[in-house]
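A short worksheet on the structure shown next.
2 protein chains.
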Amino acid sequence: MTEFRRDPIVGRWVIVTSEEPLDVDQFHQLYPPVEKRHPEKCFFCPGKESATPPEVYAYRPNGGEANGPGWQVRVVPNKFPALVIEGDLESRPIGLYDIANGIGAHEVVIETPDHFKTLADLSFEEVFEVIKAYRSRMNDLSQDPRFEYILIFKNFGAIAGASIEHDHSQLIAMPLIPKNVKEELEGSKAYYEYRERCIFCDMWRQEKEERERVVYENPFFITFCPFSSRFPFEMWIMPKYHCCDFREMSDDQAMELAKALKDALIRLKLLLHNPPYNFVIHVAPLKGMYDYYHWHVEIMPRISRVAGFEWGSGFYVVPTTPELGAKRLRDVIW
Amino acid sequence: MTEFRRDPIVGRWVIVTSEEPLDVDQFHQLYPPVEKRHPEKCFFCPGKESATPPEVYAYRPNGGEANGPGWQVRVVPNKFPALVIEGDLESRPIGLYDIANGIGAHEVVIETPDHFKTLADLSFEEVFEVIKAYRSRMNDLSQDPRFEYILIFKNFGAIAGASIEHDHSQLIAMPLIPKNVKEELEGSKAYYEYRERCIFCDMWRQEKEERERVVYENPFFITFCPFSSRFPFEMWIMPKYHCCDFREMSDDQAMELAKALKDALIRLKLLLHNPPYNFVIHVAPLKGMYDYYHWHVEIMPRISRVAGFEWGSGFYVVPTTPELGAKRLRDVIW
Chain A
86 MTEFRRDPIV GRWVIVTSEE PLDVDQFHQL YPPVEKRHPE KCFFCPGKES ATPPEVYAYR
146 PNGGEANGPG WQVRVVPNKF PALVIEGDLE SRPIGLYDIA NGIGAHEVVI ETPDHFKTLA
206 DLSFEEVFEV IKAYRSRMND LSQDPRFEYI LIFKNFGAIA GASIEHDHSQ LIAMPLIPKN
266 VKEELEGSKA YYEYRERCIF CDMWRQEKEE RERVVYENPF FITFCPFSSR FPFEMWIMPK
326 YHCCDFREMS DDQAMELAKA LKDALIRLKL LLHNPPYNFV IHVAPLKGMY DYYHWHVEIM
386 PRISRVAGFE WGSGFYVVPT TPELGAKRLR DVIW
Chain B
86 MTEFRRDPIV GRWVIVTSEE PLDVDQFHQL YPPVEKRHPE KCFFCPGKES ATPPEVYAYR
146 PNGGEANGPG WQVRVVPNKF PALVIEGDLE SRPIGLYDIA NGIGAHEVVI ETPDHFKTLA
206 DLSFEEVFEV IKAYRSRMND LSQDPRFEYI LIFKNFGAIA GASIEHDHSQ LIAMPLIPKN
266 VKEELEGSKA YYEYRERCIF CDMWRQEKEE RERVVYENPF FITFCPFSSR FPFEMWIMPK
326 YHCCDFREMS DDQAMELAKA LKDALIRLKL LLHNPPYNFV IHVAPLKGMY DYYHWHVEIM
386 PRISRVAGFE WGSGFYVVPT TPELGAKRLR DVIW
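From first to last, the protein sequence lines are chains A and B. Sequential numbering from 86 applies to the first sequence in our numbering. Sequential numbering from 86 applies to the second sequence in our numbering.
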């Protein structure tokens, strides 16, 4: 079985080449499971608070001093930031090219004080606090009129780009809109103008009806392997209510997102031996009206080196179908 | 130093975060050098010709039977193809989604009979024969009216997606146009309509004038690290004559491309200890007029795991400037 599948939002084609039945073990040799080895050197552990820049957010359920132990979630500026917070944005041409100074914010969300726990191991309530930290930092940073977009993402494992093994996610506030976000906005706007409906709402409704690619569902969220997945076992978590703005999420909704996220990550961990992964929270830009957009989370396991040539070509070959992937993920008992 | 840089063709922003001076050794710990270890199991070595599908092209300077030894370059269909050559293209919707059967051709260009040599180690004349093989296969496959695009790329090293260690490149002929190609076409068309000039021609002329990012130049080609590189030591090889169609390259031009390609790869090998890399030949689609486009080669070293979060976000953070990268590449003596 080999076929082309087209993503309806951005028009990306992928080649799906799976043969049934899916042998999950074939993937295991492609990557080492993520391990936690060096607590002694870790600056994200409790007691080392002074080794990071001063915190900008913390959740201390039992109280305690700022920048001391006792926190459950802690957000600090990145010590080696990709962007710097000071200054005004200046953009200028160099012949054909454009250049702008690197204004922005780059923060690290330390998700747990426990060096050996992963986000997948946390309780619903603990993941809920991580999501509340995201929401709070987005709300705060979006007050800065220089910023156009806030990107929240997690790199889990060195293969996925994590340079520090203590579980954390990252937040980058920037004065421009990334190209991939623009593409999603354009695609969903075109659909909205043509059909007068949200493409993401239509997508999750179709997934719910077909069931084949659904992994999990709760009152506010649905998790599925997208029809035109770029990666084996890719999952999207989508709100079942129409909203473009992550910041508007209520506490009730945030708790259901915590359940969906924990569920997706623990299934991935158990099925694939703690594989490296990335997730990215796709949200609307900070300024302007994006009624046609719908925020969601994309989880991308980094288990298939085989698919090397999409770099630079933008063309993905996926060695398993999302239908088989979803089935295997659904079958995980935890 | 941290700054945003914008690619003028597709509008992609990257963050460049380098501090001078560039310490090349910092990269070495991020990837293992590519090694050749298992000639005994190799189906691409001479004498094993019957283990591959029958050849569709070969260069045998001293004669010899088809599908026997004596070849210098050999092209065979991929034994595990992403696409199959038989059948008519059928496309249909599934609700929101589109699906098409996997019609296409997937071929492997075995670049040398020597298991232990890399493309970088070959002579100009040997690389020239590889390029002639690309051109010949493109010419042949473009006769098939079902195909819209031919993608030629090389994965070097397991990290870059190579599943077989004997040096080879790949060719995929497909019935659709990849998204990234469409984006380049749209960007260069918009520029052409606005300025009545080719953006790629303007780009290489600016590079030639600025010199800072240029690595190599010969009568027909120029190699430079692009202004908005996504990867450390990324290089583009661009014809200095305006042409969208790789197939129209003369033998004289192909020989100069061979020199440019060999030069780029040997510099990469010597500077970075035989790193994994991908290259992709960007060409116009097979059907239609693309006068505003300009074919070129993009070489992407796969040495920086650090930059994990561009997956899914499309937003690149590059830990070195192309100016410093080009300087180090220029300084390599071979």
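Just so you know, even glycine gets a beta-carbon here, dropped at the ideal spot from N, CA and C. Remember, it's a predicted structure, so these values are computed and weren't measured experimentally.
Notebook entry, point to check: Taking Cβ to Cβ, would you say M259 of chain A is nearer than 8 Å to E233 of chain A?
Noted result: Against a cut-off of 8 Å, the Cβ pair of E233 of chain A and M259 of chain A comes out as a contact.
Check: Does the beta-carbon distance from L168 of chain A to I257 of chain A come in below 8 Å?
Finding: In this structure, L168 of chain A lies near I257 of chain A, with their beta-carbon atoms less than 8 Å apart.
Next item on the list: Output the distance between the C-alpha atoms of V161 of chain B and N186 of chain A, rounded to the nearest integer angstrom.
Entry: Going from the Cα of V161 of chain B to the Cα of N186 of chain A covers about 49 Å.
Check: Does the beta-carbon distance from N152 of chain B to P139 of chain B come in below 8 Å?
Finding: Closer than 8 Å, so yes.
Checklist line | the stretch 351-367 of chain A in contact with the stretch 409-417 of chain A per 3-pair CB rule at 8 Å | finding: When Cβ pairs closer than 8 Å are counted between the two stretches, the stretch 351-367 of chain A is seen to touch the stretch 409-417 of chain A, the count reaching three or more.
Next item on the list: Give a yes or no on whether 8 Å exceeds the smallest Cβ distance from V215 of chain B to chain A.
Entry: Contact of V215 of chain B with chain A is not assigned, every C-beta pair being separated by 8 Å or more.
Margin query: Pop quiz: V382 of chain B and D330 of chain B are said to be a contact at Cβ under 8 Å. What is the actual Cβ separation, rounded to whole angstroms?
Written below: In fact, because the Cβ distance is near 14 Å, the residues do not count as touching under 8 Å.
Next item on the list: Return the Cβ separation of C127 of chain B and H200 of chain B in integer angstroms, given the expectation that the two are a contact with Cβ distance under 8 Å.
Entry: Separation of the CB atoms of C127 of chain B and H200 of chain B is rounded to 6 Å, and the pair is thereby assigned contact status at 8 Å.
Check: In angstroms, rounded to a whole number, what distance separates the CA positions of P407 of chain B and K325 of chain B?
Finding: Taking C-alpha positions only, P407 of chain B is separated from K325 of chain B by approximately 20 Å.
Margin query: Within 8 Å, do at least three Cβ pairs link the stretch 262-274 of chain A to the stretch 239-251 of chain A?
Written below: No: fewer than three Cβ pairs fall under 8 Å.
Next item on the list: Check the C-beta distance from A411 of chain B over to V266 of chain B and give it rounded, since I have them as a contact under 8 Å.
Entry: Contact flag wrong, Cβ pair sits at about 26 Å.
Next item on the list: Mind reading off the beta-carbon distance from N359 of chain A to P118 of chain A? Whole number of angstroms is fine, and I expect it under 8 Å.
Entry: Right, their Cβ atoms sit about 4 Å apart.
Margin query: With a threshold of 8 Å between beta-carbons, can Q114 of chain B be considered close to chain A, or not?
Written below: With 8 Å as the cut-off, Q114 of chain B does not count as an interface residue toward chain A.
Checklist line | W98 of chain A, DSSP secondary structure in three states | finding: Per DSSP, reduced to three states, the secondary structure at W98 of chain A is strand.
Next item on the list: Return the chain-ordered list of same chain residues with a C-beta closer than 8 Å to the C-beta of N224 of chain A, the five sequence neighbours on each side being excluded.
Entry: Residues of the same chain with a CB within less than 8 Å of the CB of N224 of chain A, apart from the 5 flanking positions on each side, are R332 in chain order.
Margin query: So with CB distances below 9 Å, who are the chain A contacts of Q291 of chain B?
Written below: Here the neighbours are I179, G180, L181, Y182.
Margin query: Which residue wins for smallest C-alpha separation from A345 of chain A, given the options A:R220, A:L357, A:I384?
Written below: Ranked by Cα distance from A345 of chain A, the first of A:R220, A:L357, A:I384 is A:I384.
Margin query: Within 10 Å of its beta-carbon, does E250 of chain B have 16 or more other beta-carbons around it, so buried, or fewer, so exposed?
Written below: Buried is the call here.
Check: Cβ of L346 of chain A less than 8 Å from any chain B Cβ?
Finding: The Cβ of L346 of chain A sits no closer than 8 Å to any Cβ of chain B.
Item checked: Length of the line joining the Cα atoms of Y401 of chain B and I388 of chain A -> Taking the Cα positions, Y401 of chain B is about 20 Å away from I388 of chain A.
Checklist line | 8 Å Cβ shell around G172 of chain A - same chain, five flanking residues per side excluded | finding: Excluding five sequence positions before and after G172 of chain A, the CB atoms of its chain that fall closer than 8 Å to its own CB belong to N186, I188, given in chain order.
Notebook entry, point to check: Distance, Cα to Cα, R296 of chain A vs M288 of chain A?
Noted result: If you take the alpha carbons of R296 of chain A and M288 of chain A, they lie about 12 Å apart.
Note to self: Suppose you measure from the CA of D348 of chain B to the CA of A205 of chain B; what does that come to, to the nearest Å?
What the structure shows: Between the alpha carbons of D348 of chain B and A205 of chain B lies a gap of roughly 8 Å.
Next item on the list: Look up M86 of chain B in the DSSP assignment and say whether it is helix, strand or coil.
Entry: When secondary structure is reduced to three states using DSSP, M86 of chain B falls in the coil class, being assigned neither helix nor strand.
Check: If you check the beta carbons only, do I216 of chain B and L342 of chain B fall under 8 Å apart?
Finding: Taking a C-beta distance under 8 Å as the contact criterion, I216 of chain B and L342 of chain B qualify as a contact pair.
Next item on the list: Identify which residue in A:R282, A:S254, A:F318, A:R145 has its Cα closest to the Cα of Y375 of chain A.
Entry: Comparing alpha-carbon positions, the option among A:R282, A:S254, A:F318, A:R145 lying closest to Y375 of chain A turns out to be A:R282.
Notebook entry, point to check: Taking just the CA atoms, how far does H327 of chain B sit from R280 of chain B?
Noted result: About 16 Å.
Notebook entry, point to check: Just by C-beta distance, which residues in the stretch 252-270 of chain B are closer than 9 Å to chain A?
Noted result: Taking 9 Å as the Cβ-Cβ cut-off against chain A, the residues of the stretch 252-270 of chain B that qualify are Q255, I257, M259, P260, L261, I262, P263, K264, N265, V266, K267, E268.
Item checked: C-beta neighbour in chain B for T405 of chain A, strict 8 Å -> Cβ-Cβ to chain B under 8 Å: no for T405 of chain A.
Next item on the list: For chain B, find out if any of its Cβ atoms is closer than 8 Å to the Cβ of T102 of chain A; answer yes or no.
Entry: Look at T102 of chain A: its C-beta is under 8 Å from a C-beta on chain B.
Item checked: Collapsed DSSP secondary structure at E383 of chain B in the structure displayed -> Correct three-state label for E383 of chain B: strand.
Margin query: Strictly under 8 Å for the Cβ-Cβ distance: is G393 of chain A near chain B by that measure?
Written below: With a pLDDT of 49 at G393 of chain A, under the threshold of 50, the modelled position of this residue cannot be trusted; read the value that follows with caution. Chain B has a Cβ within less than 8 Å of the Cβ of G393 of chain A.
Next item on the list: Pull up the distance between the alpha-carbon of M340 of chain A and that of F129 of chain A, whole angstroms please.
Entry: Rounded to whole angstroms, M340 of chain A to F129 of chain A spans 25 Å at the Cα level.
Notebook entry, point to check: Just curious, the beta strand (DSSP E) that N363 of chain A is in, first and last residue?
Noted result: From DSSP, the beta strand (DSSP E) with N363 of chain A extends over 362-367.
Check: Between R97 of chain B and S313 of chain B, is the Cβ-Cβ spacing less than 8 Å?
Finding: Result yes, Cβ atoms of R97 of chain B and S313 of chain B sit closer than 8 Å.
Next item on the list: Given a cut-off of 8 Å, decide if V194 of chain B and S254 of chain B are closer than it, judged by their beta-carbon atoms.
Entry: The answer is yes: Cβ separation under 8 Å.
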